[in-house]
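In our numbering, the protein residues as written are 2 to 362.
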């Protein structure tokens with residue numbers, strides 16, 4: 002090997018070691034939180050023996066929880082407005098389309114039938130995505146794709162690969178520490194047309210347009226990472242704070258999280274937020290899932306802690322990952338909002354495919 006190649010590989014190894022140390026420090030930090038718990042093998046086996054509720058037929062689902070057609074004309078008009086325009090469209094699970102002051106942001110894109118290492122087995126959708134990747138790319142220019150962590154219901158190989166085939170428009174893929182190597186290894190030549198930005202918690206990156214910039218900052222969430230079982234916590238996980246410098250309007254995408262006291266710190270440091278995409282599902286059995294997934298009551302506490310003016314619920318109604326009945330998250334959300342004396346408009350259910358416009362106060 003030539004001296005120049007040795008220097009290149011030595012530099013890459015040193016950078017990988019530094020990233021691994023930074024991730025290990027974040028894991029250690031999370032492990033000190035009183036609300037976190039590392040489960041034993043016995044806990045995990047007990048969870049997998051739990052009995053799941055029955056998902057209704059597609060005909061019944063179409064009545065109880067229909068998928069709405071995306072209003073592409075509305076979204077195209079939103080794209081033209083570069084100031085004081087904020088909207089969120091739910092594509093399904095944690096996949097949302099955020100439009101903020103001329104920027105279009107896609108979160109945790111999962112369009113595949115299954116969230117699994119293979120499309121042959123694993124959790125399958127009981128509700129389809131509101132659109133395909135092809136329909137999305139034909140309708141809109143995607144500026145930013147952000148991924149919160151590497152679990153299969155948040156990072157989907159097929160969806161990322163298809164998004165990366167769009168050579169007409171450069172996208173910025175924003176990922177937490179340790180995850181850039183997955184993109185470079187699995188998506189051939191992704192950086193020929195797009196860029197990858199890898200960030201630690203509280204590390205800000207600005208994406209610029211001709212007349213604005215969007216400040217993106219990963220924020221702590223109480224969760225974990227793994228893609229193969231033996232690689233637990235080798236990459237970071239996060240939520241994202243986004244703020245337009247032109248209008249100062251802000252959004253929070255939380256990815257996955259359980260309730261933890263650090264959410265108050267996020268609200269103080271990065272809030273208030275005009276809109277927050279907050280998970281409400283995949284929480285039963287609660288004794289097992291509590292450290293890593295909100296239930297609806299936790300989600301309401303989170304909305305208040307992070308200082309979100311209008312919340313939209315995510316992480317339910319798509320894949321059966323846990324044992325609660327599929328409509329229970331939104332039913333409990335409404336009941337708990339009423340019990341807390343909070344206006345339902347501040348955090349209410351919506352349909353896959355629906356767009357929520359966030360008006361200014």
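Backbone N, C-alpha and C fix where the C-beta goes; we use that ideal spot for every residue, glycine too.
Look up residue i in the DSSP assignment and say whether it is helix, strand or coil.
i, result
"residue 242", "strand"
"residue 275", "strand"
"residue 1", "Given that the chain is displayed from residue 2 to residue 362, the structure contains no residue 1 and the question cannot be resolved."
"residue 121", "coil"
"residue 95", "coil"
"residue 78", "helix"
"residue 336", "helix"
"residue 302", "helix"
"residue 172", "coil"
"residue 344", "coil"
"residue 10", "No answer about residue 10 holds up, because its pLDDT of 47 lies below 50 and its placement is not dependable."
"residue 20", "helix"
"residue 289", "helix"
"residue 31", "helix"
"residue 155", "coil"
"residue 206", "strand"
"residue 143", "coil"
"residue 259", "strand"
"residue 87", "strand"
"residue 162", "helix"
"residue 322", "coil"
"residue 237", "coil"
"residue 134", "helix"
"residue 280", "strand"
"residue 264", "helix"
"residue 101", "strand"
"residue 330", "helix"
"residue 129", "coil"
Taking the beta carbon of residue i as the centre, do at least 16 other beta carbons fall within 10 Å, making it buried, or is it exposed?
i, result
"residue 233", "exposed"
"residue 31", "buried"
"residue 169", "exposed"
"residue 9", "No answer about residue 9 holds up, because its pLDDT of 48 lies below 50 and its placement is not dependable."
"residue 262", "exposed"
"residue 345", "exposed"
"residue 230", "exposed"
"residue 287", "exposed"
"residue 391", "Residue numbering for the chain in the displayed model covers 2 to 362; residue 391 lies beyond these limits and cannot be assessed."
"residue 61", "exposed"
"residue 74", "exposed"
"residue 342", "exposed"
"residue 49", "exposed"
"residue 29", "exposed"
"residue 363", "What is shown of the chain runs 2 to 362, which leaves residue 363 out entirely."
"residue 291", "buried"
"residue 249", "exposed"
"residue 334", "buried"
"residue 376", "No information on residue 376 is available, as it lies outside the stretch 2 to 362 that the chain covers here."
"residue 46", "exposed"
"residue 96", "buried"
Could you give the residue range of the alpha helix (DSSP H) that holds residue i?
i, result
"residue 62", "59-65"
"residue 186", "181-187"
"residue 254", "Residue 254 -> not in any alpha helix (DSSP H); beta strand (DSSP E) instead, spanning 251-254."
"residue 47", "42-49"
"residue 353", "That residue, residue 353, is in no alpha helix (DSSP H); it is neither H nor E in DSSP."
Below 8 Å on the Cβ atoms is my guess for residue i versus residue j; work out the distance and round it to an integer in Å.
i, j, result
"residue 236", "residue 177", "7 Å"
"residue 113", "residue 124", "At roughly 11 Å, the Cβ-Cβ gap does not stay under 8 Å, so residue 113 and residue 124 are not in contact."
"residue 194", "residue 171", "6 Å"
"residue 264", "residue 307", "5 Å"
"residue 188", "residue 162", "6 Å"
"residue 259", "residue 36", "7 Å"
"residue 174", "residue 146", "5 Å"
"residue 111", "residue 160", "6 Å"
"residue 182", "residue 239", "About 16 Å; that fails the 8 Å criterion."
Hey, quick one: how far does the beta strand (DSSP E) through residue i stretch, first residue to last?
i, result
"residue 197", "196-200"
"residue 214", "214-220"
"residue 108", "104-108"
"residue 311", "309-315"
Exercise. Counting pairs of Cβ atoms below 8 Å between the region 320-335 and the region 132-139, do you hit three or more?
Worked result: no
Exercise. Are the region 347-354 and the region 113-131 touching, with three or more C-beta to C-beta distances below 8 Å?
Worked result: yes
Problem set entry | At least three beta-carbon pairs within less than 8 Å, the region 99-107 to the region 72-87 | yes
Problem set entry | Three-pair Cβ contact test at 8 Å for the region 217-230 versus the region 253-269 | yes
Exercise. Should the region 276-296 be regarded as contacting the region 241-253, the criterion being three or more beta carbon pairs within less than 8 Å?
Worked result: yes
Exercise. Are there three or more Cβ pairs, one per stretch, closer than 8 Å when the region 312-322 is compared with the region 281-290?
Worked result: yes
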